[in-house]
Amino acid sequence: MPKKSMAGFIRKPWLPYVVPFALFMLLTEPARYFPALVPYLYVTKTVLVGGTLWLWRHVYADDFATVLTPGEFVVAILCGLLVLVLWIVPEGLFYQLDSGTGFNPYVMAESKGLAIGLIAIRLIGASIVVPVMEELFWRSFLMRYLVDVDFRSVALGTFTWLSFLGVAILFGLEHHRIVAGILAGLLYGALLLRQKKLRGVVIAHGVTNFGLGVYVVVTGNWLFW
2 MPKKSMAGFI
12 RKPWLPYVVP
22 FALFMLLTEP
32 ARYFPALVPY
42 LYVTKTVLVG
52 GTLWLWRHVY
62 ADDFATVLTP
72 GEFVVAILCG
82 LLVLVLWIVP
92 EGLFYQLDSG
102 TGFNPYVMAE
112 SKGLAIGLIA
122 IRLIGASIVV
132 PVMEELFWRS
142 FLMRYLVDVD
152 FRSVALGTFT
162 WLSFLGVAIL
172 FGLEHHRIVA
182 GILAGLLYGA
192 LLLRQKKLRG
202 VVIAHGVTNF
212 GLGVYVVVTG
222 NWLFW
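If you're matching positions, the sequence shown starts at 2 in this note's numbering and goes up one per residue.
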């Protein structure tokens with residue numbers, strides 16, 4: 002690729018929204034075929050994706066410019082808890098892809114100390130890195146891109162049926178628990194439509210993932226990880 006074309010590609014406005022997500026998915030797929038690599042892959046993708054988000058943090062300034070009111074903050078937390086319930090309670094009732102054995106650090110790690118370290122990294126990755134990365138991709142970029150390819154000209158929380166339902170369905174297909182994922186996508190999308198602020202959706206997503214992590218660690222139901 003010529004230098005001029007490469008420079009133009011690097012300046013594409015969608016790149017900072019797509020690359021972290023693509024990197025995360027790229028480092029997730031090998032785990033299906035090489036289970037022994039799961040701990041190392043998760044640590045690697047958490048660090049790399051987190052670093053990529055930090056590198057492009059200036060790009061996301063407008064996405065997080067508007068702060069939440071106390072009421073909106075509470076609603077975001079409640080939304081996250083509702084998604085958590087919908088993720089756990091209907092287990093076995095809805096169609097889902099093969100979930101395998103899940104992420105059990107006590108089986109994968111060589112010592113208890115290492116297992117605890119893996120749990121900590123998993124919680125940090127799932128409750129901080131993943132919500133920021135996914136919400137930037139799904140509901141800041143793609144939800145607006147489906148309204149207009151010049152997505153930065155579209156206000157956060159702009160509604161069309163295509164963008165709202167399309168993103169919810171694709172979000173569900175990204176997960177093993179497809180139906181629960183679609184329901185989560187609908188609730189997160191509805192929260193964004195109501196608040197028009199990405200912070201709320203990131204908080205809701207973070208609450209869901211952190212709550213799920215706590216549930217998994219306390220109950221030992223590693224299939225959810």
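No residue lacks a Cβ here, since even glycine has one placed at the ideal position from N, Cα and C.
- Non-local beta-carbon contacts of Ser128 in its own chain, meaning distances under 6 Å to residues more than five positions away in sequence, involve Gly207, Asn210, Phe211 in chain order.
- Thr45 is classed as exposed because its beta carbon has fewer than 16 other beta carbons within 10 Å across all chains shown.
- Close CB contacts of Arg140 within its chain, under the 6 Å cut and outside five residues either way in sequence, are with Leu193, Val202 (chain order).
- When the Cα atoms are used, Leu174 and Gly182 turn out to be separated by approximately 7 Å.
- The beta carbon of Val50 sits closer than 6 Å to those of Pro21, Leu24, Phe25, Val130, Met134, all from its chain and outside the five residues before and after it, given in chain order.
- In the structure shown, Glu135 adopts helical secondary structure according to DSSP, grouped into three states.
- Taking the Cα positions, Tyr189 is about 10 Å away from Leu199.
- The three-state reading of DSSP puts Gly190 in helix, counting H, G and I together.
- When the alpha-carbon of Leu115 is set against those of Tyr41, Thr29, Leu137, Tyr216, the nearest one is in Tyr41.
- Arg145 sits buried, since 16 or more C-beta atoms from the chains shown fall within 10 Å of its C-beta.
- Short of 6 Å from the beta carbon of Tyr18, and not among the five residues preceding or following it, lie these beta carbons of its own chain, in chain order: Leu137, Phe138, Phe142.
- A direct Cα-to-Cα measurement between Ile122 and Val217 gives close to 14 Å.
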